[in-house]
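Counting in my numbering, the final residue of the sequence shown is number 332, and the numbers go up one at a time with none missing. For each residue, glycine too, the CB sits at the ideal point set by N, CA and C. What follows is a single structure, written as structure tokens, with notes after it.
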Amino acid sequence: MTPTLRAAITAVGGYVPETKLTNFDLEKMVDTNDEWIKSRTGISERRILREPGKASSDMATEAILEIIRKKNLDPLEIDCIICATVTPDMPFPSTANLIGDKVGAKNAFGFDLGAACSGFLFALTTGASFIETGRYKKVIVVGVDKMSSIIDYTDRTTCIIFGDGAGAVLLEPSTDGLGFQDSILRSDGSGAKYLYLKAGGSLKPASIETVMAKEHFAFQDGQPVFKFAVKGMADVSAELMEKHKLTGDDIAWLVPHQANLRIIDATANRMGLTMEKVMINIQKYGNTTAATIPLCLWDWEKQLNKGDNLILAAFGGGFTWGASWIKWAY
Ligand code: UT7
């Protein structure tokens with residue numbers, strides 16, 4: 003019998019800008035305080051890409067160059083780059099296209115995928131499917147967001163949450179049972195009104211009015227998003243575990259989207275996991291949207307063992323949400 007062709011993550015790269023924006027810095031900018039931010043979100047500081055002329059593609063490029071170095075990979079071998087982001091360098095061409103040029107992936111095609119905070123999971127599932135067909139051998143999936151480019155730093159309800167960063171993985175074929183196993187992905191456009199960018203698209207193109215009304219900044223109605231996120235992320239993770247008859251004991255790590263420590267707690271609880279099995283770096287990076295999950299893999303790479311069962315789970319604007327099960331391959 004021919005062994006099942008799966009997509010294995012064979013390398014991880016990451017990048018966060020050097021500049022830190024701490025809760026104490028924010029205390030000087032808006033009416034907030036370190037204690038409120040830490041207790042309501044778990045965040046202490048986030049990274050901000052301050053250099054003029056630098057964009058999402060530059061952070062993604064750094065993350066992918068790390069993979070190229072680690073794997074001694076010839077960029078010409080890369081077949082495809084999928085870039086999950088809500089902060090593309092520009093509406094078109096795609097950021098993936100610009101990244102391909104910057105890393106020297108001259109033989110690759112690429113495209114952007116927009117699923118907000120669930121973007122990495124949607125892109126990972128898409129990339130894994132490309133490998134599983136047998137058509138492609140080296141697919142880069144990168145989650146990147148320069149959230150500071152769409153945040154209003156006078157709005158205390160959003161500016162305390164978000165940060166900038168990029169995380170990338172290399173997917174390659176595997177036939178030993180390891181790698182990507184399954185995903186359950188969901189979206190519900192009726193939730194769009196709770197978390198979105200009001201202007202700058204075809205519905206409401208940029209104008210003096212949209213700029214004056216601050217409609218090019220991310221809008222979030224935090225409480226409904228919080229409620230949907232707690233339920234969505236926990237439900238879909240539990241559903242994936244039930245589908246594959248996995249229990250908390252089978253899971254080595256939960257890799258949750260880092261939006262709010264309280265949402266992460268609720269998901270871990272529902273999955274029957276103790277917090278020692280949960281990757282949490284929200285305190286140092288905040289919510290980097292599409293980059294949170296690969297940045298966790300980047301931070302924890304050395305602690306992962308071949309064969310470990312990982313559940314990746316996310317919830318974000320759209321609404322979009324989902325969970326993926328992977329068996330770590332190295
Ligand atoms: O990643 C994509 C998906 N996004 C999420 O999953 C985020 C989901 N939402 C959240 O994480 C939370 O709703 C927030 C962190 C955004 C807000 O926390 P919350 O516990 O839901 O606060 P709240 O909006 O209910 O506000 C409670 C109080 C309000 O004051 P009053 O009306 O009770 O007097 C706010 O005005 O806290 C006030 N407040 C703040 N106080 C100090 C709101 N923001 C701040 C702040 N500092 N930064």
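{"query": "One or two residues paired with P54 in a DSSP bridge", "result": "None, per the DSSP bridge assignment."}
{"query": "Backbone CA spacing between M281 and A254 [nearest angstrom]", "result": "10 Å"}
{"query": "In DSSP terms, what D322 is bridged to", "result": "The sequence given here has Thr at residue 322, not Asp. Paired residue(s): S189, G318."}
{"query": "Any 3 or more C-beta pairs closer than 8 Å across the region 3-22 and the region 59-77", "result": "yes"}
{"query": "Endpoints, the alpha helix (DSSP H) within which A170 is located", "result": "Careful: A170 lies outside any alpha helix (DSSP H), inside the beta strand (DSSP E) at 166-176."}
{"query": "Of the listed residues T97, V105, D27, S151, nearest to L51 (C-alpha basis)", "result": "S151"}
{"query": "Rounded distance between the beta-carbons of A170 and A65, thought under 8 Å", "result": "4 Å"}
{"query": "Distance cut-off 7 Å: L197 Cβ against heavy atoms of the ligand UT7", "result": "yes"}
{"query": "Segment contact flag, the region 101-111 with the region 55-62, C-beta cutoff 8 Å, min 3 pairs", "result": "yes"}
{"query": "DSSP state of T276 mapped onto helix, strand, coil", "result": "coil"}
{"query": "Of the listed residues N25, E29, S239, nearest to M273 (C-alpha basis)", "result": "S239"}
{"query": "Cβ-based neighbour list, Q285, same chain, cut-off 7 Å, excluding 5 preceding and 5 following", "result": "G44, I45, S46"}
{"query": "Segment contact, 8 Å Cβ cut-off, at least three pairs: the region 323-331 with the region 184-192", "result": "yes"}
{"query": "Residue environment, Q225, which counts as buried when at least 16 other CB atoms sit within 10 Å", "result": "exposed"}
{"query": "Any non-hydrogen atom of the ligand UT7 within 7 Å of R48 CB", "result": "no"}
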